[in-house]
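As structure tokens, the structure follows; a few thoughts come after it.
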Amino acid sequence: MASAFRRRAATWTIALLVAVLGAALAPASILAANPDPILLVHGYRGDPSTWSDMITRFQANGRTAEAIDLATEDNIKNAQQIKAFIDAKGWSRVDIVGQSMGGLSSRQYIKFLDRTVVDAYVSLGTPQYGVYSACLLPSSYGGQMCPTSSFLRNLNKSDDTPGSIYWTTIYSRSDGIVPNSSSRLDGGACFVFEDPGVPHNDMDNDPTIFQHVLMALDRVCAGTFKR
29 MASAFRRRAA
39 TWTIALLVAV
49 LGAALAPASI
59 LAANPDPILL
69 VHGYRGDPST
79 WSDMITRFQA
89 NGRTAEAIDL
99 ATEDNIKNAQ
109 QIKAFIDAKG
119 WSRVDIVGQS
129 MGGLSSRQYI
139 KFLDRTVVDA
149 YVSLGTPQYG
159 VYSACLLPSS
169 YGGQMCPTSS
179 FLRNLNKSDD
189 TPGSIYWTTI
199 YSRSDGIVPN
209 SSSRLDGGAC
219 FVFEDPGVPH
229 NDMDNDPTIF
239 QHVLMALDRV
249 CAGTFKR
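Under the working numbering, think of the first position of the sequence shown as 29, with each following residue one higher.
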């Protein structure tokens, strides 16, 4: 009788361990099997076609990526459009990759409209602190990228990288348009510096940049992490 009881007790113990371990591992397994959808946000005067190479590469890696077609060159209006796009998709979690000014529109969305939905943010050559050539443009047509604009003052006020989002800024010595010093967020973020890298308008279709993006979306820093 005692031997039978011990056998039953051992069986119950093993079953309990399996249940506990299974519960602990389930979220990671689900995450690996169902990665977040990815929203691709184009830059100034861009369009969704700029992301065609990257979308193909995401698909080859089992990821779902969709590119938004922004209607304006105004980051505040673009952020509202990003919110409407995500809400219409019904996404409860999403990763965002923004090229050039698209990274600013995305940060505007995160900081002022909804920071609960985004899991990872990646910018490619984004003028996070502005670019002086934009000072010649109307405010609603790219001028918000001027370093002295009220838009950037509000966007960069207090914490640049709020919440539990995994922030990554990727930039290139060969950018040619946005200074590297303007592309790197000051807060808790992963900095990936490509040297010599690729020109500004090639960052959204370069295979090496793509690998950095893929790592960032999985919360792995390919460069330097600063907290």
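Where a beta carbon is used, it is the ideal one built from N, C-alpha and C, also for glycine.
Computed from a prediction, not measured in an experiment: that's the story for all the values here.
| Query | Result |
| --- | --- |
| Simplified DSSP state of ALA148, which is helix, strand or coil | strand |
| DSSP bridge partner residues for ILE110 (one or two, in chain order) | ILE110 pairs with nothing; no bridge assigned. |
| Helix, strand or coil at GLN172 [DSSP, three-state] | helix |
| Neighbourhood of ARG212 by C-beta, 6 Å cutoff - its chain only, sequence neighbours within 5 removed | THR197, PHE219 |
| ALA88 - containing alpha helix (DSSP H), residue span | 80–88 |
| Residues bridged to TRP195 [DSSP beta-bridge criterion] | TYR149 |
| Other residues of its chain near PRO65: CB distance less than 6 Å, five sequence neighbours each side excluded | THR92, TRP119, VAL122 |
| Distance between THR236 and MET243 (C-alpha atoms, nearest Å) | 11 Å |
| LYS254 vs GLY216 beta-carbon contact at 8 Å | yes |
| Buried/exposed call for ASP75, threshold 16 Cβ in 10 Å | exposed |
| Touching by the beta-carbon criterion (3+ pairs, under 8 Å), the segment 161–178 and the segment 228–235 | no |
| Three-state class that DSSP yields for ALA163 in the structure shown | In the sequence on display, residue 163 carries Cys and not Ala. Reduced to three states, the DSSP call for CYS163 is helix. |
| Per-residue DSSP class, three states only, for SER120 | coil |
| Extent of the continuous beta strand (DSSP E) run through LEU68 | 66–69 |
| Beta-carbon proximity of LEU141 to LYS111, cut-off 8 Å | yes |
| The alpha helix (DSSP H) enclosing VAL241, as first and last residue numbers | 235–245 |
| Spatial neighbours of GLY170 in its chain, beta-carbon cut-off 6 Å, leaving aside the 5 residues before and after | TYR72, GLU101, ALA162 |
| Cβ-based burial, ARG201 [other Cβ within 10 Å; buried from 16] | exposed |
| ILE205 in three-state terms, based on DSSP | coil |
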